[in-house]
Amino acid sequence: MKRIMALTMALLIFLVGCGSSKEGDDEAPQEYTTAYAQEIETLNYLVTASEVEYGLAANLVDTLVDYDRYGVIVPCLATEWKLSDDNLTWTFKIREGVKWVTNEGKEYAEATAQDFVDAMKYILDSKNESQTANVVYGVIKNAEKYYNQEITDFEEVGVKAVDKYTLQYTLEKPTPYFLSMLNYSCFFPVNGKFLAEKGDRFGTDNTNILYNGAYILETFEPQIRRILVKNENYWDKDNIFIANINYIYNKESSTLSPELFLRGEVSYADIPSSALDEWMKDSEKEAQIRPNRTSFFTYFYAFNFDPKFSEEYEPQNWKIAVNNVNFRKSIFHALDRKAAMLTEEPYDPEKRISNTITPKNFVSVDGVDYTQLDGLAEISNTDSFNKDLTLKYKEKAVTELKEAGATLPIKILMPYNTNSTEWANRAQVVEQQLEGLLGKDYIDVIIDPKPPTGFLGEVRRAGKYAILECNWGPDYADPETYTGPFMEEGTYNWPELAEGYKESNGKNKYENMIVAARNEVLDIKKRYTLFAEAESFFIDEAFVIPYAIGGGGYSASKLNPFESPYSPFGVSSLRFKGQKVMEKSMNSEEYDKQLKQWEENRTKALKEAGQ
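All residue numbers for the sequence shown refer to the working numbering, where the first residue is 7 and numbers rise by one.
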């Protein structure tokens, strides 16, 4: 109670009745407030691949294209575009009169085509260590060569400002999904003069970036608060209805937010599964919560092939084990994903469980969903949890591991992020379930709580885990986007180091399969089939254990989820543009009704747009 009161007092210092504005009330400025626990590590949107960070940047900086509430692509900083007959050159007309402003709202410069060139040059400078450079150099002509310093003249890279308001991208090869890539952070613009002035200070705080988007980051106090205010110089300011967005830091926000919502002090709260029964059984509380839409984020348990954790957890012993395919398959078939998902979705776990890395309904070809293509359909339609197969693979693994010099039980270090109550509960469930089925004489699962801030850098990217629950969100509309974590440029589980998969060219089999799929750019059905075969191989060899899709759960929110921009990929769905703060939160009945109408409208809108 003391913690709740302390946060309440802090909020009251500067909040002005965030829940008091009425829906559609253009007279009273609207405010939206939310509590958070994971602090951002940088405001430099040109280097980050973290959703927490580029999700903030999406509200501060605009992209060439955007997506409307139904997922139809619409103009943003580009007013029109065209593709050359050879499918290699895209030309964009840049919106005139768009202003870059400082965090005080003072005009700095006009946004021009050169801003996209300057951003690309920064991203492709390997010294800047952009985590999204690989997305760019996978498609732009000579981008990879420049990044690897095989060429040094940036003029040879396929991006140029033809004139002040004309931008041109030349591709390495035809890329059918290129337009869908353009609302991801690696295609954000930057003012080159400002970037040069700031140097290494760019993105270190809110005074060291410029803004041409819907909001300005007026206040940035790490682990205290950050406040976004409406950009009065924004080119489309008539579609910005929320004047202030307040983020309040509290390391226990995941448990405190529901109570703060009931007190009227925040506008949004996820309802943790541990509290869901209480809310469902209380008519007053139940009327204030609704389901969340599932997303196209994919969740999976990754086996680490490059362990860097401390000696007490026996990294060398783990390395022997993880390189044994029967050991991996014994874990693969032992994981009861439904039992794990009950920690987060106790009322409808099946809607979140996924058997594949690429989610269902992401893309299709000739009316066939990608997950139902040859090679992937059987995996997609079969639950991997199988006790008989688990014990079969365990028996084989025990003999082989002993012959290889491993010591049983195998210690399995499995960290989790303490920001999520559900993740903490799930880690315990998975530990008990795996050890219960496979036996403590075979494995010793060690769960390890880690703080949310810096979790990715200090745990996943540092390789300080044996098995880790990971996630990945799509960057564009093509199955290739879900291969990013697992190729050599990825920082997830380093499968290229797995023993026994090298082929004659020195690359592993999965990488060769992906390269073959990438190279097929004209026959989309063949392209998707090749990706499906590669994904099937990757799952069948148990490099990862597909687990779930994102979203879902329940929340109390004063935002209408069907007003926000919608896109399975990129940053559009993370924008507050077009949204309004409602007088009261939406309930489940209202949600179901509006979801049905939205789905009908989306089908019609996509058809009319030819998408």
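The beta-carbon is built from N, C-alpha and C at its ideal position, and this holds for glycine as well.
Values in this document were obtained by computation on a predicted structure and should not be read as measured data.
Item to check | For A631, the nearest candidate out of N109, E569, I416, A611 (CA to CA) | outcome: An answer regarding residue 631 cannot be provided, because it is not within the stretch 7 to 617 covered by the chain.
Item to check | Minimum C-alpha distance to G560 - residue among A281, A41, K105, P81 | outcome: Looking at the sequence shown, residue 560 is not Gly but Tyr. In terms of Cα proximity to Y560, the closest of A281, A41, K105, P81 is A281.
Item to check | R101 versus G584 - alpha carbon distance | outcome: C-alpha separation (whole angstroms): 19 Å.
Checklist entry - Which of helix, strand or coil does DSSP assign to K590? => result Here DSSP, grouped into helix, strand and coil, assigns K590 to coil.
Checklist entry - Mind pulling the alpha helix (DSSP H) runs of 4 or more residues that sit fully within the stretch 85 to 131? => result Counting only runs of 4 or more, we get 120 to 129.
Next on the checklist: Just list the residues that DSSP pairs S301 with in beta bridges.
Outcome noted: Answer by DSSP bridge pairing: none, since S301 is not bridged.
Next on the checklist: Taking its Cβ as the centre, do 16 or more other Cβ atoms sit within 10 Å of E401, making it buried, or is it exposed?
Outcome noted: A residue is called buried when at least 16 other Cβ atoms come within 10 angstroms of its Cβ; E401 does not meet this threshold and is exposed.
Checklist entry - What do you reckon, is the C-beta of P485 under 7 Å from a heavy atom of the ligand FAD? => result Looking for the ligand FAD in the displayed structure turns up nothing, as the structure carries no ligands at all.
Item to check | Coarse secondary structure for R581, derived from DSSP in three states | outcome: Here R581 sits in coil by DSSP.
Checklist entry - For the beta strand (DSSP E) that S563 lies in, which residues bound it at each end? => result According to the DSSP assignment, S563 belongs to the beta strand (DSSP E) that extends over 560 to 563.
Item to check | Collapsed DSSP secondary structure at W285 in the structure displayed | outcome: Under the three-state reduction of DSSP output, W285 falls in the helix class.
Checklist entry - Alpha carbon to alpha carbon, what distance is there between N256 and P35? => result Cα atoms of P35 and N256: separation of roughly 26 Å, rounded to the nearest angstrom.
Checklist entry - Ends of the alpha helix (DSSP H) at D546? => result Looking at the DSSP string, the run of the alpha helix (DSSP H) that includes D546 is 530 to 546.
Item to check | Of the listed residues T304, N566, K88, nearest to Y488 (C-alpha basis) | outcome: Out of T304, N566, K88, T304 has the C-alpha closest to the C-alpha of Y488.
Checklist entry - Is it the case that the Cβ atoms of S273 and K564 are separated by a distance below 8 Å? => result With contacts defined as CB atoms closer than 8 Å, S273 and K564 qualify as a contacting pair.
Item to check | Nearest residue (CA-CA) to H339, options F267, E606, P552 | outcome: Taking the Cα of H339 as reference, the smallest distance to any Cα among F267, E606, P552 is reached at P552.
Checklist entry - Between which two residues does the alpha helix (DSSP H) harbouring T266 extend? => result Thr is not the amino acid found at residue 266; the sequence shown has Leu there. 259 to 268 is the extent of the alpha helix (DSSP H) around L266.
Item to check | Cβ neighbour criterion (16 or more within 10 Å) applied to D32 | outcome: Low per-residue confidence applies at D32: pLDDT is 48, beneath 50, and the placement is therefore not dependable, though the value from the model is reported in the following sentence. Exposed, by the Cβ-count rule.
Item to check | Environment of L528 [buried if 16+ CB atoms lie within 10 Å] | outcome: L528 should be labelled exposed.
Checklist entry - Which one of K133, W604, P297 has the shortest CA to CA distance from K155? => result Looking at the sequence shown, residue 155 is not Lys but Gln. Taking only the C-alpha atoms, the option nearest Q155 is K133.
Checklist entry - Going by DSSP, what residues sit across from K417 in a beta bridge? => result According to DSSP, which records beta bridges pairwise, K417 is partnered with D450.
Checklist entry - Taking the continuous alpha helix (DSSP H) assigned at T176, which residues delimit it? => result That residue, T176, is in no alpha helix (DSSP H); its beta strand (DSSP E) goes 172 to 176.
Checklist entry - For K88, does the count of other Cβ atoms within 10 angstroms reach 16, so buried, or fall short, so exposed? => result K88 is classed as exposed because its beta carbon has fewer than 16 other beta carbons within 10 Å across all chains shown.
Checklist entry - Can you give, in chain order, each stretch of the alpha helix (DSSP H) that sits fully within the stretch 190 to 218 and has at least 4 residues? => result Those alpha helix (DSSP H) runs which fall completely within the stretch 190 to 218 and span 4+ residues are 198 to 204.
Next on the checklist: Measuring straight from C-alpha to C-alpha, what distance separates E539 and A430?
Outcome noted: In a straight line, the C-alpha of E539 is about 34 Å away from that of A430.
Checklist entry - Rounded to whole angstroms, how far is the Cβ of D72 from the Cβ of S578, which I believe are closer than 8 Å? => result Contact between D72 and S578 is confirmed by a C-beta separation of about 5 Å, below the 8 Å threshold.
Item to check | Extent of the continuous beta strand (DSSP E) run through Y221 | outcome: Its beta strand (DSSP E) spans residues 221 to 227.
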